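Here is the structure we will look at.
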Amino acid sequence: MLDIKFVREHPDAVREACRRKKIEADVDGLLQLDQRVRELKTVFDEKKAEQNRASKSIGKLSPEERPAALQGVKTLSEAVKDLEAQKKEAEAALRPLLLQVPNIPADDVPDGDTDEDNVELRKVGEPPTFDFEIKDHVELGRSLDIIDIERATRIAGSRTYFLKNEGALLELAVLRFALDHMVAKGFSPMLVPNLVRRVAMEGTAYLPGGEEQAYRTVKDEDWLIGTAEVPLTSYRMGDILEASELPVKMVGWSNCYRREAGTYGKDTRGLYRIHQFQKVEQVVLCRADADESLRWHQEILANSEEVLQALGQPYRVVNVCTGDLGRPQIQKFDIETWMPGRRGYGETPSASRFHDFQSRRLDLRYRSETDNRPQFCHTLNNTVIASPRVLIPILENGQQKDGSVVIPEALRPYMRGQEVIEPKQ
RNA sequence: GGAGAGGUGGCAGAGUGGUCGAAUGCGCUGGAUUGCUAAUCCAGUGAACCUGCUUUCGGGUUCCGAGGGUUCAAAUCCCUCCCUCUCCGCCA
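Residue numbers for the first sequence follow our numbering, beginning at 84 and rising by one.
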């Protein structure tokens, strides 16, 4: 959610943002309503002040003097009530309009319609070449006896899986490796609620709008998180932080649940697009300073790149274009890892910065040391690693002619030193 | 699941129709004192919004969980909802 003052003062920037992001928002209607709200407020304030003065003086009157004075104030009070109703109605209509308004994309976000227009910033690592016919992760998972999708489907439906044997250990290894990497960088490790109230979903801007994408419990209205970003960013909701507490650097580990509605027939094979996975996620809360925000954006992006590099995975970084950017983001960098089975790069981590778009909804503020007024924090987040999706490149890139898979060195300490996963049959 | 208690400023915690944006304590800021630190003393210290010949100065409105009601007047009375806690039961 943007500051209404900002919209008022920079309507053209807001219209430009709508145009670039291809998001509809009634900016003119919003501005007209804002004007009306302020006019009503001025009139209401004046009348109410008059009433307050009159009321106050009644308290000081003697019992004999009161009845006469009461008559006059009563009509005044009725007029005030009427004005208040009008004002409230206008204010209530304002919020939904404001919620439609997208955040302003950064200048260096490329224009475009879909992810095909995302701009590649850099490639790191060379996709491996194979002198044999490669298997994809589904085939490898079966021959190594580490992934079972068929049986999962029987008991849990589409887009589900079992990880077993080294598959289970490999997932825990990669997650733990990612977590340790972030803890070494000063991020606080957090195990978070996976089931949250509506406020947290709304505060992080997943609701309203994302109802179809999230699971909800039937008896209580609780939501299964699609990412640890939800509880982590909401963690200090409603607080006024001391400036000395910033930046808040957190790394959370959670299960993530996504309905993947509207994706029927898309990415149906294997572990790419599934209903449940585990993710290590980094979240930063920092001062309301665009430059500082940008520096953190680069840093959290680098953190995730370091993890992929340590795992020896070839990847590229793309600057996500306006049409593929969500409403809340200023800018987003996706990291795409080479997946031989797809003969291309597949999305893995995704680093976003929001400025105060989320914190305004969450009422997440800090008291700056310069001027003493509370200000909204800036929020950022990035995936460190999401599994089992990351197992796809690890298995596919690491496969050998004999059907075995080499475990990245960085993970071996978490696998009791195991170097290779051998085929079972 | 059964019974009860409660939601007040950065925090703790008074306040049960007007003198309450709200006592007191802690914290914080400034000052005094002080070999240093601590302690002590004095002063200040909520937020949002509107507005004033945008002047580190003023005026106003709103906010005591949320929403509604009673009243000239509500933190205080009534209703609805949300949330938290305690005890009992059940249980990983």
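C-beta atoms are modelled at their ideal positions from N, C-alpha and C, and glycine is treated no differently.
Predicted, not measured: the structure shown is a model, and the values here were computed from it.
Q) In this structure, does DSSP put His264 in helix, strand or coil? A) helix
Q: Enumerate in chain order the residues of its own chain whose CB-to-CB distance from Trp379 is below 6 Å, with the five nearest sequence positions on each side excluded.
A: Val367, Cys369, Leu463
Q) Start and end of the alpha helix (DSSP H) containing Arg281? A) 281 to 286
**Q.** Trp306 - partner residues in DSSP beta bridges
**A.** Val279, Arg299
Q. How big is the Cα-Cα spacing for Ala288 and Thr236?
A. 32 Å
Q: Check whether the Cβ atoms of Glu430 and Ile413 lie closer than 9 Å to each other.
A: no
(Q) So for Met498, helix, strand or coil by DSSP? (A) helix
Q: Alpha carbon to alpha carbon, how far is Asp228 from Val202? Give it in angstroms, no decimals.
A: 38 Å
Q. With 16 other CB atoms within 10 Å as the buried threshold, where does Ile490 fall?
A. buried
Q) What is the residue span of the beta strand (DSSP E) that Thr431 lies within? A) 427 to 438
Q | C-beta atoms of Ala509 and Gly335 nearer than 9 Å | A | With the chain covering only 84 through 508, there is no way to say anything about residue 509.
Q.
Among Cys460, Arg98, Gly481, whose alpha-carbon lies nearest the alpha-carbon of Lys218?
A. Gly481
Q | CB-CB length for Gly317 against Gly286, believed under 8 Å | A | Inspection of the sequence shows that residue 317 is occupied by Ser rather than by Gly. Contact flag correct, Cβ pair sits at about 5 Å.
Q) What whole-angstrom Cβ distance do Arg356 and Gly309 have, given they're in contact under 8 Å? A) So it is not a contact: roughly 13 Å between Cβ atoms.
(Q) At the level of alpha carbons, what is the spacing between Lys247 and Ala469? (A) 17 Å
Q. Do three or more CB pairs link the region 253 to 267 to the region 146 to 165 at distances below 8 Å?
A. no
**Q.** Residue closest to Val279, alpha-carbon to alpha-carbon, out of Arg98, Glu294, Leu307
**A.** Leu307
Q: Measure the alpha-carbon distance for Leu384 versus Asp200 and round it to whole angstroms.
A: 20 Å
Q. Skipping 5 residues on each side, what residues in its chain have a beta carbon closer than 7 Å to that of Glu304?
A. Arg281
**Q.** Pro185 versus Ala132 - alpha carbon distance
**A.** 37 Å
Q | Buried versus exposed call for Arg436 [16 or more other C-beta atoms within 10 Å across all chains shown] | A | buried
Q: Keeping to the same chain, check which residues put their C-beta closer than 7 Å to that of Gln169; ignore five residues upstream and five downstream.
A: Leu123
Q.
Does the region 396 to 406 come into contact with the region 444 to 452, if we say contact requires no fewer than three beta-carbon pairs (one atom in each stretch) closer than 8 Å?
A. no
(Q) Just list the residues that DSSP pairs Met422 with in beta bridges. (A) Gly427
(Q) Once DSSP output is grouped into helix, strand and coil, what is the label at Pro188? (A) coil
Q) How about the region 294 to 303 and the region 319 to 330: do they share at least three Cβ pairs that are nearer than 8 Å? A) no
Q: Could you tell me which residues DSSP puts in a beta bridge with Ser160?
A: The partner list for Ser160 (beta bridge, DSSP) is empty, contrary to what the question assumes.
Q. Apart from the five residues on each side of it in sequence, which residues of its chain come closer than 8 Å, Cβ to Cβ, to Val390?
A. Phe260, Ala261, His264, Val467, Ile468
(Q) Here's a check: name, in chain order, each residue in its chain whose Cβ is nearer than 6 Å to the Cβ of Leu113, leaving out the five neighbours to either side. (A) Leu180
Q) Got a sec, what are the start and stop residues for the beta strand (DSSP E) Lys332 sits in? A) 331 to 340
Q. Going by beta carbon distance, what residues of the same chain come within less than 6 Å of Glu295, once the five residues before and after it are set aside?
A. Ala344
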